[in-house]
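A quick write-up on the structure given underneath.
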Amino acid sequence: PGALATLLGVLSAADANVLDVSHVRTDPRLGLAEAEVELHLETKGPAHCAELGRALRDAGYTVID
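My numbering puts the last residue of the sequence shown at 67; the count rises by one with no breaks.
So, in structure tokens, the structure goes:
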């Protein structure tokens, strides 16, 4: 519980605007306690995108561009 809120908190702290969130829990590649989350974000440009990627990785998330 609270994993999505934690993820969104990282994005909020980095000043990203979340446009859409979707998640998958039933993919056979995922472990029992894992979920894949796809985010569509509004950013301030390429440098901001790189900053968001670093913030997410630093928080322990795997980022797929």
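Virtual Cβ for every residue (Gly too), placed ideally from N, Cα, C.
Can you grab the Cα-Cα spacing for the pair histidine 50 / aspartate 29, in whole Å? Within the sequence shown, the letter at position 48 stands for residue 50. Within the sequence shown, the letter at position 27 stands for residue 29. CA-CA distance, histidine 50 to aspartate 29, rounds to 30 Å.
Helix, strand or coil for leucine 21 per DSSP? Residue numbering aside, residue 21 sits at position 19 when the sequence shown is read from its first letter. Strand, per DSSP.
Nearest candidate by alpha-carbon position, reference alanine 57, set Ala18, Gly33, His42 and Arg31: Here residue 57 refers to the residue found at position 55 of the sequence shown. The shortest Cα separation from alanine 57 among Ala18, Gly33, His42 and Arg31 belongs to Ala18.
Buried or exposed for leucine 21, please, with buried defined as at least 16 other CB atoms from any protein chain shown within 10 angstroms of its CB. If you number the sequence shown from 1, residue 21 lands on position 19. Exposed is the call here.
Residues bridged to histidine 42 by DSSP? One-based indexing of the sequence shown puts residue 42 at position 40. BP columns for histidine 42 point to Asp22.
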